[in-house]
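*Asks:* Before I ask anything, let me first share the structure, which is written out below as structure tokens.
Residue numbers (the numbering used here): 33 to 118.
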């Protein structure tokens, strides 16, 4: 898919905001899939540069690359979200 990843991200965020401001305010993880394909690293780099404060992971279901780190980040985020306010 050669569509613009930044435009795709902004479109999804806009649709989410229109659907629910509460959901739009929650922490997010951006995942670039198909890391084994040409161009995936470039998409990851582009998103990382453009969305500097976002949690962005590059993964491959085929090779398993990046999956362990993604699962760990999800677990960490859930633990933070579920822990009582201090």
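Beta carbons: idealized from backbone N, C-alpha and C, even for Gly. The model shown is predicted, which means the values in this text are computed figures rather than measured ones.
If you compare alpha carbons, which of 50, 68 and 78 is closest to residue 62?
*Replies:* With distances taken between Cα atoms, residue 62 lies closest to 78.
*Asks:* Can you have a look at residue 103 and say buried or exposed, based on whether 16 or more other CB atoms are within 10 angstroms of its CB?
*Replies:* Its Cβ having fewer than 16 others within 10 Å, residue 103 is exposed.
*Asks:* Work out the CA separation of residue 92 and residue 72 for me, nearest whole Å.
*Replies:* Whole-angstrom Cα-Cα distance: 10 Å.
*Asks:* Count the other CB atoms, across all protein chains shown, that sit within 10 Å of the CB of residue 90; report buried if there are 16 or more and exposed otherwise.
*Replies:* Per the 10 Å Cβ criterion, buried.
*Asks:* Near residue 80, what residues of its chain come up, given a Cβ to Cβ distance below 7 Å and the 5 sequence neighbours on each side ignored?
*Replies:* Cβ within range, chain order: 88.
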